[in-house]
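Visitor:
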Amino acid sequence: MTVHMPVSLDEAVDLLVANPGARLLTGGTDTMVEVNFNRLKPTTVIGLRKIAALREFSISSEIIEIGAGVPYARMESGPLAEALPALAAAARTVGSPQIRAAGTLGGNLGTCSPAGDGLPVLAALDASINLRSPKGRRIVPFADFMVGVKRNARSADEIIESVTIVPTSGFQDYAKVGVRNAMVISVASVCFVHDRKSSSVRVALGAVGPTIIRPRDAEAWLAERVDASGVLPADDAIATEFASRVAAEARPIDDHRSTAAYRRHAIETLTRRLYLRSTK
Amino acid sequence: MSDTTGFYELVVNGQRREVRDSWVGESLLYVLRERLGLMGSKGACEQGECGSCTVLVDGDAVCSCLVLSASAVGSEVVTVEGLSADGSPTDVQRAFVDHGAVQCGFCTPGLIVAVHHLLDHNPDPSPIEVKEALSGNICRCTGYGRIFAAVETVVAVRKGVAK
């Protein structure tokens, strides 16, 4: 029955080797709910909050790296928000200021809930997840990282260290629907990224499937309609058709938060809205 | 690094406090109330939705129900009890009383901490910034109008434009 608070990543990796099955903890906003409601009784916890390297980020024109322990509050405004507007938009929708002061991308990735607000952004930006173990660093594309509802490709001896993102040039944004504006878990969410360099649009859907969904067929359909300079046509008919194709690739279910039909409708509306916003 | 096995020390309101015979999963809220006798922070939802347990940890306003207590070793914890050095009400607390922003009072300690945190970082917030900053604190009595009025008064008094 021990709580370890390592101050370096190497120390944390050693502790995880020495304590197989230890619970890794960053902001605590998921884990402590489980504990408070007696759904989880941890015996050994490795808290990652005191590891300075996990709370840093770096931004260059080629690559953006965000430590797994950077709280959402630091993505809402400042350099990260300027570099990644979709991440900032998603960060602003996470819980309340208290939750955003604690919650992290590392925690979102560790939990891997389909409703995690950071995850559609990572999916749409084709982020890589950097995992650290005694064997060194393993880099996993987001598409291979999240494998199911609350299931991911992290091995038992690995710690999520950071995410890396290649910056895009063009509009990006995130929109979600919940039961009210503040303090809400996503019922359906869309991240929309337009990259002029590759003349592509990348879309990712949250809370409408077992994993974050990339509607690849709809993305390919739209790619054929982007001109060589990478400009998206400001065309209502294209926006509507694209949104309908995106919604068709969602795999929503009925549950205590919403119905499948409403979620599909919300995905269509949010996608159309984001598309038109991108052409303004 | 620090290991914690049943015994550890927290720094709460500037004082070192010993925590003994604890279970590893205890939240900071539980330890503050049940082990350290600091009853100001309230526990309601236990899942970070109501904000009534808001405290400052290393200067960040967080829900103490979602902080693993033993992970706060080496951090500075400030509760509603620690906002005033001499125990007299702060300007925020006085404004809450003056405006009738305290009704049943259960949400009040969390709101007071959240308002102090807001005004420490943004001394002249817009109405929308106040709403956003307090969006994690649920009050079922006031309808929030009196709370916003209290914040407005504190801002005005601190700026010297009202008394």
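From first to last, the protein sequence lines stand for chains A and B.
If you count the first sequence from 1, position 60 lands on 264 in this note's numbering, and the numbers rise without skipping.
If you count the second sequence from 1, position 121 lands on 1135 in this note's numbering, and the numbers rise without skipping.
Each residue gets a CB set at the ideal place from its N, CA and C atoms; glycine is no exception.
Values in this document were obtained by computation on a predicted structure and should not be read as measured data.
(1) Quick one: grab the DSSP three-state call for ILE343(A).
(2) From this set, GLU1048(B), VAL1091(B), LEU1133(B), which residue's C-alpha is nearest ARG1030(B)'s C-alpha?
(3) Which residues in the same chain have their Cβ closer than 7 Å to the Cβ of VAL1165(B), if we skip the five residues on either side of it in sequence?
(4) Could you round the C-beta distance between ALA305(A) and ALA1075(B) to whole angstroms and report it? I think they count as a contact, below 8 Å.
(5) Tell me where the beta strand (DSSP E) around SER270(A) begins and ends.
(6) Output the distance between the C-alpha atoms of GLY1051(B) and GLU1095(B), rounded to the nearest integer angstrom.
(7) Return no unless some Cβ of chain A is closer than 9 Å to the Cβ of VAL1033(B).
(8) Taking a contact to mean a Cβ-Cβ separation below 9 Å, would you say ILE268(A) touches ILE416(A) in this structure?
(9) Identify the continuous beta strand (DSSP E) that holds ILE250(A) and give its terminal residues.
(10) Counting only beta-carbon separations shorter than 9 Å, does SER1055(B) have a partner in chain A?
(11) In chain A, which residues lie less than 8 Å from THR1093(B) when you measure between Cβ atoms?
(12) Would you say ASN240(A) reaches chain C, if we count a Cβ-Cβ gap shorter than 9 Å as a contact?
(13) Sort out for me which residues DSSP pairs GLY410(A) with in a bridge.
(14) Give, in chain order, every residue of the stretch 385-398 of chain A whose Cβ lies closer than 9 Å to some Cβ of chain B.
(15) Please go through the stretch 1077-1145 of chain B and give each complete beta strand (DSSP E) segment of 3 or more residues, from N-terminal end onward.
(16) In terms of alpha-carbon separation, which member of LEU335(A), ALA293(A), ALA294(A) lies closest to GLY310(A)?
(17) Look at the Cβ atom of ILE263(A), then the Cβ atom of PRO283(A), and state whether they are nearer than 9 Å.
(18) When you compare only the Cα positions, how much space is there between VAL1026(B) and VAL1127(B)?
Guide: Per the coordinate set shown:
(1) Strand, per DSSP.
(2) Of GLU1048(B), VAL1091(B), LEU1133(B), the residue nearest in Cα terms is VAL1091(B).
(3) VAL1129, VAL1144
(4) Confirmed, Cβ separation roughly 6 Å.
(5) The question names Ser, but residue 270(A) in the sequence shown is Ile. Element bounds for ILE270(A): 268-271.
(6) If you draw a straight line from the Cα of GLY1051(B) to the Cα of GLU1095(B), it comes to about 11 Å.
(7) no
(8) For ILE268(A) and ILE416(A), no; Cβs fall outside 9 Å.
(9) Segment 248-251, the beta strand (DSSP E) holding ILE250(A).
(10) no
(11) The contacting residues do not exist; THR1093(B) stays about 14 Å from chain A at best.
(12) Absent here is chain C; the protein component of the structure consists of chains A and B.
(13) SER393(A)
(14) Those would be ASN385, ALA386, MET387, in chain order.
(15) As for any beta strand (DSSP E) of minimum length 3 sitting wholly inside the stretch 1077-1145 of chain B, the runs are 1090-1092, ordered along the chain.
(16) LEU335(A)
(17) Yes, the pair counts as a contact, with Cβ atoms nearer than the cut-off.
(18) 14 Å
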